[in-house]
Every structure is written in structure tokens, then in C-alpha cells.
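Residue numbers (the working numbering), protein chains in the order written: chain W, 90 to 430; chain P, 157 to 973; chain G, 1003 to 1161.
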């Protein structure tokens, strides 16, 4: 069977201890949260950290609180906890829809929200064993100097494959990054950079400790996901929307976010602008979908053809916006994603 | 025997090995742990086609914990499943032929050390031009991937012509010409291949391996290692699925045997998931052209089938696979004239071989989709069209296949009735559709893989005073339930509970030869052998008991664990008491039974592929939903009817049907063994696109629709208790039924497999633009098929021989497949 | 460097020495010889190695054994009630839910977690709960039937 290389496992009992350990050698250390992304990558020798710093015993990162103005989710909260959290299902439906479609029930029982937000970017030329990557002469992201997806590309084109990020970006989440030298907070969208290798603005000595999601009265959110199967698969396209309307049905606040269309998850500000101040009518929805379409730049390094993945952007944005409008799209959702809810 | 009421056969029952499977006690190959066991990993080629210039393993050998490094020179003898394709080395000797071809093996104290040592082996290669696709193989006879085969990179080209094909086309009212492509896919058994080899205390070699064909592994090991077969023991461990993927003898099996012999310690190998994709032997990608002549009423007048198979880098079963792409076109519908041309080429990819439905799946897809087009054109209901042309029971087909029972018409009627097909076809709203397709499959290959006159399956029984019956047979338990079938057949004949029968299977030291778990042969052949052995035992016991009771032995009934007088049931005894009497009367009791199929009626070269003791038949209706906006496809429901002859254990039979439907659906919708060739200017790489179980897509529980099954039981005279195969046939109609349903739903033709939303959406777009709403191959390349063998059909007075065949040395048919 | 850990496996405490890079799967199968738990990919892509960790289904190939120190682990070997089969095991045997049997241990523990949480799941809920366990033999339907039958038996037992 595939086995892990040797490493040192450190198990700090507090965040400060963890950050101190990380500070000692950030370049050769990895944070072990759920491990469901890190460990397979280590087995394939895509990542070979010498030290793993486990967050399992760092209790302060496992808190989840729902308050009237804000939801706070610790970086180590398991996806399964979010998926099965009754209050979240009511308040942050789009997040729960996204999280409950990540990987499989088993992985959600181990994986953490912080881990999903920091998920390594993916590519069919990269998520392979060391011998396979040797057979192609390696690639820019690990041990090589070329991007096989587009050989003239100056940067790595590996794709952001987190489901939680677009959902949380649409909801306006902030994330807290802590290091031994301090704490900073930034909009989740700013955590990401459009580079398959340097896809996070997080420094190696920082840990994603907390996600803060503002509560907006009457806001509705949804997440639609394209993939071959209703389970296991990473997104080939993720569409998250969050819309707040007033009593007259006029949109007060709207965000549309796309996942799995580039090396980072994207907000679609044009869609927000088009939707705000308008009723959520078919025409507004159509325009928002049109606005999202050009931002998606799928590449040939994942399942399904890129033309199809691109073509589905409009369809999924439309479905997601219709869902928050209150249309009954449950059959479409069931058919496409093979899941209920 | 025929008139006896059945007590076990035909009743749904917990299989005999179920308890072990649900408690986790089944010992698969990788579950074996022996004292002092070492671990083996194999270094595989990173190049698709190259000469090996040198191998330097000195650094690997120096790594602490490494015990042995093997290379091709340690085992230079070739092997391969077919006698005509002995083209594999345990480790590549002079060249590598695909990325993943093994070149060296490390045996070390732990698997991790062995893995790390692989990186320390220095191999120098001289790259050769890469052949990545059949068209390339045809265009580039050089460099040759192998120095044998029909020519250049053509491994095998065959042509057979039955009847007057040209005349048949001339008589047709319509001639349909279609090309189809069926992508390659793989078995993906959940258990990866594993093997443990050890010297037993007597110094003889034993290997436990997850193999479907222990007998052929036995022969290969003896051959490559130069051992008398009597000093090699092969034990087929219960497998975590095979589906044809564990049917070849494999490199790793020979390597661990060699290592165990050299080191005197047990050696284990367990392949990674990625390595299983390199072992492959899965479904051949096949390009097909079908030219079919039909009368206005749907009667077929002639079929000309051409196939081009992408064989990958080695022979494997390829010659048989090639013939199989043409063999079974005749057994479903009456075909008076038939020409088949098949060609298999070598390419620098993992070798293709037999997967569930071996070689017949791809042309069946073409044939059944073409029939749907024919029905559309002739404005005949596609079910009705099929009913009109179904082959008749007791037929000898154009290519001399002897078909006994044919339940196909009943199968069609069953699925049509249950699905409401007639009320739905062309009547459902846009986006909803139904499709129908049919198929047939062998109940065991009529010929052995290497020519011999011995039985295909043997069963030995031991009865003793304990009342226990032990049944020995060389069959391999892949998961299909052969242990249960063996047990049930013996228990039924002897009238005992299945719990009083112990089976010892898949052990070449203990059990008589069975050729293996492939070609849906086990129930037919082992079942008949088991019945024969049990009947002999029954007769022996009956004679002794009749003597004791003073009645005629044919008056005795064996049932419910008793042996008694049919006229006076109270007059009798327990089975155990009966065996005591028999053992006292005749001495130690052992009986044997064996089975060999009837000699085929086909006498032409290539006629060894296709004959079978019986053919199963299947019909399926599929209902789909297609979203015209996205092409997204949902399979709502499947109705299937399978002519099984008799379901020996209906629980298992249903499982085989559902499992086949599932696998067929996976092939239809998503499974594909895809490759990537990097831009040739920058790299010579040709790699499996995604050798992982995540990216090789297979259905989860969320994609599997409900399946409504009817098993049609019309006992076949050749089958054990009338039974025919069920493990492969029900896979075949699923892919064409899906394609036909999509046409019914949205009016586009997807003439290739897999059928994906991308392709449907593209076809819809083409249709909307006024172009043909079809996705599929545009043409069929020029292939230099040989001059066909001309075989007059039975109705032309043919005797099964070709009229233009050069006289062949006395009966060597089997050697040619 | 090996370090001592103790795992509570199927209610029994096992003290073992283990390197940091060993997964729970390796320790179960190789250190404790509990080979009932299978492996099909070791990358979290098939579900064959599923076990229950403190009652929740997880993939033992993606959990470091040292991270499980002191935790409760249930494997297929722990389902049996003495010499008797657990109702799920019995139903799997009776309904043909185990063909090759290789996915079965992972499916069984996952189904147990479902029924522990939801004694009366709908067929759709069973499909969802088991959607992380690939099976190549059955087409899942006999598995769904078996879980349904076992749920019925377990409900009857509780009455």
C-alpha cells in the first residue's frame, strides 16, 4: 500500500504552542488539521514536509458559535460538524450546501473548514504519484519548470478546488490568520492569489484560526456544484450566491462567487452591481449569469471538457439565484448533484 | 436426475462464504502474513517505448533493509496467457513498451524501504518512437513494438466470411452503414492485486495470489522459473473482485516466486492502485464499422462488421479478443450472411485484455444502436423489430455456433411489458426517453486456452463416516460465488444441507484442475463436474443402502439429510448412517466428476472462439432524463430480463444482474481508461491520464438507479440443473439502451461510449445549428485485412470448414486462439 | 522513532509502539493483525478502509495512528455479538450485499454509524450515507436492501 514518508509529528496543546513550533521552521513544516488533503499529497510525495504540527489538541480552534450578528467558526471545526449543525442550516444554507458536498461523509468527519479553505490547488499533472510525475518530466508546481496545462504559461495553472471558499466569500466572510508575531484579519477573498503555486496570501508561519461570517437579516444563500458524481469528486465548477432583499423584493445586497474556474475562487462584482437595487427577476438573473461567464477560465487539467465546464457557468449561476429567489429547483438540484437539500 | 424435486437449487439462500465476508474473516492475499516475510516493490518504466541500455542496482542493493534486487536477466523466459502470445517478461529484458512496464524489483524488510530503494536503481534508456493510437500503429509499421505479429505493429488481422454476403446486400431493401467507437475502460476491482510466495517446509514453492486463473498462473510460473509443475503450488485466494482483470498471469506473481526461491523467505507484493491501472487487461478501445442489409420488414440479409482494436503493449488475450469482436453477432438475431474483419494493433499503453463481456461488448453496442436506427428508418417499433428477427432455439448459426435454448423473445416481452415501453417510446415529453437493447453471452468458452483433450473442470468428492462431504475443485472465488455453486450442486444431488458440504477450492496441490473464473464458464463447467461427481457418490451410497434395506437403489430418495425409500419415507436413515454403510461396504469413498464441452461445430481457423455449451440472453429497457439546456443525463430506471436457464441461487443471480447493470452503466456514462500524450516537441511522454480511483470515475450509490429484474428460467439441456451464465451477459445491453434512450429523449445520436453530458450538449448544439445531431467517429481507417476465409453456412450445406483454407495440421484449432 | 500509543479497538485496549508516519490502517492491519479493514487506494478515494472513530465513520488510511491515541475505534471485527452476527452483518449475508466482500467491512461500519444516528433512514438517506463507499460488484441495490432490513431488525430489538 501507499505509505507516508518519515516525518516528525508535533502535537501542541495550545495555539500559542503551535504557533511557536511553526515559527521555528515554517518552510519545512506543515499544519496537520484533518489531514485529508495533506496526507494523500504526502503519500504521492507532492509534499514532503519534515515536521507536521497537529492541531488536534488545540481546543480553541474547534469552537463554533452562532450569534445574532455573526457566526464564528474555528479553523479546526470539522466539516461534518458544519454539515449537521441545525442553526447553520437555517442561517447559512449556501455554506452547508457547499460543505455537505465536499468529498465523502468519511472525509467530512475528519477534514476541517480551515483545511478546505487552504486546500492545495489541483491539477491532473500534479495530483499524481512521484513515478507518474517523473514520467512527464515533472511540472512547475513540484520538481519541474514547465506548466503542462499551457506550456507557455509563466505561472502554474493548478485550480482552486475548495467548495467552502466560494460559499463563504459570497457570505462576506473574514478570516483570521495567526502567527507567533501577531494576528491579522482579512476578507476571505484576499486570502487567495491567482497562482497555482502561491495560491494563498497566508505566510508559512501563519495558521488560519477563525472564520467570521456576518449575519444579514433575511439573507439567502445557495451553492451549486458541477462534478461527474454526487460524491467524492472535487468541484469542476462551484457557484455560490448570497442575496439579501427588502420587503419589496428589491435586492439590497448580493454576491456571486465562482469556484474551480481559476487558481483562486472569484467574486463576481459585476453581478453584485447588476443585482443590487433591482428585483430578482429573470432578466436580472440572466444578466448576472452573463456577467459571471467571462470570468471562468477552466483549463484542461480536470475532469470534463473545459468548454462544458465553461458553458455550465451560466446555468449554475441561474439555478443558484433562482433557488435563493424561492423557485422550486429541487428537482434540478437532485438531478445535477444527486443530493437532496 | 431430471425428475427429482429440487430442495436447494433455485432457492434464495445465504451464500456459504457470506459469514466470513461480513465478519472480515475472509483472507484476501494481502491479509496473509507469514513469519520472516519480506516485501516487494517494482520499478516501472517512466518511458512509453524505449530500449533498456543498462540497469545499475548497486545503490539500491546497498540500502539497509534491502535483500534483493531482481531485473529481467534473472527471469529471461517469456510468458503470456495465450500460447501464441508469449510476449511478456517477468521484468523487461531489453525494452519497455509502456509507462508502467516493470523493469526491476526490490525485496526489502519493509514495503517502505523497498519503495525508497526503487529510486536508487539507475536505468539508462534509449527512447524509441511512441505509438499512441491504432491509426498511428497502422501508419507506422516501424519501430515495431514487438518482433512478432501479423505485420509491423499489427498484432492480428483476421477475416471470415459466412454465406453469400454480397448477395445478401443485393437482396436488401436498405443498407445501413454506421461507425461507432467504444472507449477503453478498466475493471477497477476494489482489491488491488497481491501475492505472497514462500517455500513450504518441504522446499516446494507456494504462491497465494489474487488470481482468477490459478491454473494458468501455475503453468506460467513453472515455465518461467523452469520448475516441474508438481513442485509449484498455486493457491487462488478469495479476491476482492476481478471482472477479468486478474485473469492473466502477472509479472509480480513470477517476481515474488523467484525472490522467495532465491531468499528462502516469504515475499509479498501488493500493487498500488496506480499499478493496477498499468496491469489493466481491460476493455479494448474498439473502432467499428457496421454495414447491415435489411428488408423492408426488418429481416436482416447481411452484416459486414469491421473492428479495429487498440491492444496496448502486449498480446494478453488479444487474439481471442479480436475474434470475440466478431463471434457473437450471429446468436441474437438470425443473420443469413455475415462477414467479419478484425484487427488488433499494438500501442505503447497498458495491455488490454478481457473485461466482463470480453470483446463482445463493443460490437454489441454498435449492433444494437444500429438496430435502433434501422427501426426508426423502417418505422417499426424497435422491440417489435427485434422480436421479428430473434434467432430460433436449437439453431446452428451462420458461423456455426450451436445454440440450444434462446429465451430472448421472452426477455424482450418481459421488459417491454414491465416498463410500459410501447406507451413511452416516442411518446414521452421532450427530455424524457426510453431505449431498448438486447444481448447474448457465452456460458463458458468451448475451447481451452491451450490445446488439450483434458477436462475443463474437475471436481473430487470425499465422503466419510462424519457425514461431511468435501468437494475439491480448482475454481477461483472472485466474489461471484463459485464456492456456493459448488456446494449447492453437491448438496442438492446428495440431499444434504449446504452446511454439511465443505469446499476446498483454488489450490493446485489439493483440488483438480479447473481452468479458471473467466468466460462465464464456472457454473456451467464446474457445476456439471460437481453434479457428475455427486451422482457417482450418490450411486455408490445408494447401492450400499439399497442392499442393506433390501430395495432397489433407484427407489431411494436423497433429501433433507436423509436417504429413504420413496414409497415408504419412514424406511431409511440419516445421510451420515448411509455413508457409514457405504464406507463399510465399499471402503473409503471418493468420487470424481469432470466436464468438457462438446467439440465445436466450427472447423475453420478462428472457429474456436465463440462456441459455448449455452448462451444466455438479455433484454433491457432504460428510461432517461436529459436536460436539453445542459445535456445532463439522469438514468431514472432500468428494467432487465435475463434468460438464465435456471437461477441456482436467486440471491446471487440477482446480484450478478445488478452488478452487471451497474458496471455497464458505469461504462456507458463515465468509465474510461484515458491517456495523455504531451506535446511531442517538448516531451515523449504518453501516460495514463489519471491512474486513480478518484479520477477514474465509477458510479457511487447516488448514481445507481433502481433496477427491475426478471430472471427467465427455461432450463438449458447443457446447463447444470439447466442453468446458464449470469455474470456478464446483463452488462451488454445497458450501453446501447442508454444511447437509444437518449435519442428517444432529445433526438441526438451518441455513437460512442462513454456517453457524457458534454457530448450530448455538443450534439444538441450541432442539431440546433442544422447539422447532424450526432457524436461519433466520422470514418473508419483503411485496414489491410487478409483475404477472408469463405465458410458456407449450414443452410448452404456447409460443414463448418472454409473452402479456401490451406490444409491445417490435424486439429489445432485451439492453438490458434 | 517509535512512540507508545494505546488504541481502544472494539472495546479492547491495545498498547503498541508506532512511528509517526503510520496510519491507523497500517496499525490495525499490520501491528494488530486486524485485517478485516481493507484498503483500495490509501488516498481517501474509495472508502474500503472506513472504521468508526469515536462512533463516526472515518478513513483509516487518512488518519495517523498517533492521532488516535486513547480513542475508541470500531472495526468490522467489532460488530459481531459474541458468536452471533450483528443484524447488519446478517442482513448483508442474507441479501447478497457482500459479493466479493472487499468493500463490505467499510460499508458495514458506515451503515452502523448511520443506523446508530438514524434508526429509520429512507432509501435516499442510506444512499447518501454510503456514497463514500465504492462497491464494484453489487451495484449497491442489495446493500441498500440489507441496510433497510437490518434497520428493521434493530428497531424491533429496541421495542
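We put the CB at the ideal spot given by N, CA and C, even for glycine.
Residue i to residue j span [Cα, whole Å]
i, j, result
"residue 199 (chain W)", "residue 190 (chain W)", "14 Å"
"residue 393 (chain P)", "residue 937 (chain P)", "44 Å"
"residue 329 (chain W)", "residue 313 (chain W)", "6 Å"
"residue 424 (chain P)", "residue 332 (chain P)", "55 Å"
"residue 464 (chain P)", "residue 830 (chain P)", "17 Å"
"residue 1153 (chain G)", "residue 421 (chain W)", "30 Å"
"residue 1010 (chain G)", "residue 1016 (chain G)", "6 Å"
"residue 217 (chain P)", "residue 408 (chain P)", "19 Å"
"residue 339 (chain P)", "residue 844 (chain P)", "14 Å"
"residue 215 (chain P)", "residue 230 (chain P)", "18 Å"
"residue 124 (chain W)", "residue 396 (chain W)", "33 Å"
"residue 459 (chain P)", "residue 852 (chain P)", "35 Å"
"residue 1029 (chain G)", "residue 183 (chain P)", "18 Å"
"residue 532 (chain P)", "residue 818 (chain P)", "28 Å"
"residue 730 (chain P)", "residue 871 (chain P)", "31 Å"
"residue 683 (chain P)", "residue 472 (chain P)", "27 Å"
"residue 195 (chain W)", "residue 1075 (chain G)", "14 Å"
"residue 622 (chain P)", "residue 678 (chain P)", "29 Å"
"residue 188 (chain P)", "residue 92 (chain W)", "18 Å"
Pair within 8 Å by beta-carbon distance, residue i and residue j
i, j, result
"residue 1044 (chain G)", "residue 132 (chain W)", "yes"
"residue 515 (chain P)", "residue 444 (chain P)", "no"
"residue 840 (chain P)", "residue 370 (chain P)", "no"
"residue 385 (chain W)", "residue 311 (chain W)", "no"
"residue 183 (chain W)", "residue 306 (chain W)", "no"
"residue 881 (chain P)", "residue 480 (chain P)", "no"
"residue 765 (chain P)", "residue 778 (chain P)", "no"
"residue 178 (chain P)", "residue 1106 (chain G)", "yes"
"residue 143 (chain W)", "residue 98 (chain W)", "yes"
CB contact below 8 Å: residue i versus chain P
i, result
"residue 196 (chain W)", "no"
"residue 226 (chain W)", "yes"
"residue 1138 (chain G)", "yes"
"residue 1014 (chain G)", "no"
"residue 1050 (chain G)", "yes"
"residue 1078 (chain G)", "yes"
"residue 1100 (chain G)", "yes"
"residue 144 (chain W)", "no"
Short CB-CB distance (under 8 Å) between residue i and chain W
i, result
"residue 819 (chain P)", "no"
"residue 1025 (chain G)", "yes"
"residue 1117 (chain G)", "no"
"residue 959 (chain P)", "no"
"residue 1041 (chain G)", "yes"
"residue 1029 (chain G)", "no"
Any chain G beta carbon closer than 8 Å to residue i
i, result
"residue 193 (chain W)", "yes"
"residue 451 (chain P)", "no"
"residue 967 (chain P)", "Here residue 967 (chain P) scores only 48 on pLDDT, less than 50, and its place in the model is too uncertain to base an answer on."
"residue 184 (chain P)", "yes"
Anticipated Cβ contact below 8 Å, residue i with residue j, distance rounded
i, j, result
"residue 312 (chain P)", "residue 368 (chain P)", "No, residue 312 (chain P) and residue 368 (chain P) are not in contact; Cβ-Cβ is about 23 Å, not under 8 Å."
"residue 656 (chain P)", "residue 617 (chain P)", "Going by Cβ atoms, the distance from residue 656 (chain P) to residue 617 (chain P) rounds to 12 Å, so no, they are not a contact pair."
"residue 364 (chain W)", "residue 340 (chain W)", "5 Å"
Open item on the list: At 4 residues or longer, what runs of the alpha helix (DSSP H) sit wholly inside the region 869-916 of chain P?
Closed with: 890-902
- [ ] Could you pull out every unbroken alpha helix (DSSP H) segment of at least 4 residues lying fully inside the region 301-373 of chain P, listed in chain order?
- [x] 321-327
Open item on the list: Quick check for students: name the residue ranges of the alpha helix (DSSP H) that lie wholly in the region 616-703 of chain P, counting only runs of 4 or more.
Closed with: For secondary structure counted as the alpha helix (DSSP H) over 4 or more consecutive residues, the region 616-703 of chain P holds these complete runs in sequence order: 638-650.
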